[in-house]
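Notes follow the structure.
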Amino acid sequence: MALKVGKNIDGWCTRCKLVLGHTIEAIAGGKITRVHCNTCGGQHAHRVEAPRTRVAAERAPGGGGGSRASKEQVKRESEYDALLRGRTKAASRPYSTSTRFAVGELISHATFGLGVVTGERDSIKIDILFANGPKVLLQGR
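Just so it is clear: in the sequence shown, position 45 is 670 by the working numbering, and no numbers are missing.
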């Protein structure tokens with residue numbers, strides 16, 4: 626079969642994740658280079674078949690050890706625990722946008738819980754570290 630631009634062929638669609646009908650858009654050196662899916666209209670490089678999935682034996686040994694997000698969460702939790710060490714909820718002030726807070730102050734927020742002021746961005750914004758992560762909140766308004 627002669628390859629021509631505009632002919633239909635079967636190929637792996639990267640958007641649909643299936644082998645479907647595609648229309649040839651470009652040919653270079655006797656090889657199909659660009660196609661578009663007749664189902665979703667996505668344009669991509671031509672792939673004859675689905676990509677192989679790597680089995681556990683093919684993967685690099687000892688790789689990973691946890692995602693970056695989980696490592697950052699553990700670091701943040703340990704930082705949060707260190708900031709709260711020796712403090713009780715009784716020592717916290719309830720959060721309100723009209724109140725001003727100092728760096729290091731313990732805050733009790735209705736939604737985010739107990740937090741510690743870690744910095745002041747400008748006269749009306751403060752950085753607060755809560756158990757679920759850092760937040761930027763308003764103050765003194």
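Virtual Cβ for every residue (Gly too), placed ideally from N, Cα, C.
Pair within 8 Å by beta-carbon distance, residue i and residue j
i: T648; j: G631; result: yes
i: D776; j: G744; result: There is simply no residue 776 to check, as the chain begins at 626 and stops at 766 in what is shown.
i: H669; j: T639; result: yes
i: F726; j: K760; result: no
i: L762; j: Y720; result: yes
i: L645; j: N633; result: no
Three-state secondary structure assigned by DSSP to residue i
i: V660; result: strand
i: R718; result: strand
i: E730; result: coil
Residue i to residue j span [Cα, whole Å]
i: K750; j: V741; result: 14 Å
i: R701; j: A715; result: 23 Å
i: L739; j: T724; result: 16 Å
i: L643; j: S733; result: 51 Å
i: G729; j: P676; result: 52 Å
i: G654; j: D635; result: 20 Å
i: R656; j: E674; result: The question names Arg, yet the displayed sequence has Lys at residue 656. Rounded to whole angstroms, K656 to E674 spans 15 Å at the Cα level.
Where residue i falls, given that 16 or more other Cβ within 10 Å makes a residue buried
i: V660; result: buried
Distance between beta carbons of residue j and residue i, contact taken as under 8 Å
i: L731; j: S748; result: Between S748 and L731 the Cβ distance is about 21 Å, and since that is not below 8 Å, they are no contact.
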